[in-house]
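Some notes on the structure that comes next.
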Amino acid sequence: MRLLIQRVKRASVIINGKEKREINQGMCVFIGVTHGDKESNADWLAEKISGLRIFEDINGKINLSLKDIDGEILLVSQFSLYASCVKGRRPGFTDAARPEEAEKLYDYFVDRVKSLGLKNVQCGEFGADMEVEIINDGPLTFIIDSI
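In this note's numbering, the protein residues as written are 107 to 253.
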């Protein structure tokens, strides 16, 4: 699994042009699933992001986690995190897991993050047409691959 994490002042997702889900200060996390990913990968990543210290303390040092600031999180599936742009001009998506495999693990990851007791966990909808709006804070962006 691969996560692209952005520290945000606020973020929202509009699903299929209708339903809007939003958060305030926290993280917007894009989730990609590749072949062979397992629930153990999702478990490790969920724990990792909840404790990742990417928020500033009172001295302006990046020293606090999502839990420390009572932050919120928006989770959005994004198969293109496993796109390859090495050959030609059109990205290849063979490294992304098949939708039926990826959706199961994405749903598991969402449930795992929700179980961590964070203030507000919102998510997009797997496979839906989504418009994501982000007010990036920093900007700070991180990529984490599961172990």
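By construction, the Cβ of each residue, glycine as well, lies at the ideal position given by its N, Cα and C atoms.
Excluding the 5 residues flanking it on each side, Asp143 has same chain C-beta neighbours closer than 6 Å at Met107 and Leu211, in chain order. Between the alpha carbons of Glu237 and Ile120 lies a gap of roughly 5 Å. Taken through DSSP and simplified to helix, strand or coil, Ser118 comes out as strand. Cβ neighbours of Asp201 within its own chain (closer than 8 Å, five residues either side excluded): Thr140, His141, Tyr188, Ala189 and Ser190.
Put simply, of Lys124, Lys126, Ile155 and Glu178 the residue whose alpha carbon is nearest the alpha carbon of Gly132 is Glu178.
Each of Arg196, Ile168, Arg218 and Cys134 was checked against the Cα of Gln184, and the nearest Cα belongs to Cys134. For Pro245, the enclosing beta strand (DSSP E) begins and ends at Met236 to Asp251. Here Leu224 carries a coil assignment [DSSP, helix/strand/coil]. If you look at Ser183, you'll find it isn't in any alpha helix (DSSP H); it sits in the beta strand (DSSP E) that goes Glu178 to Ser183.
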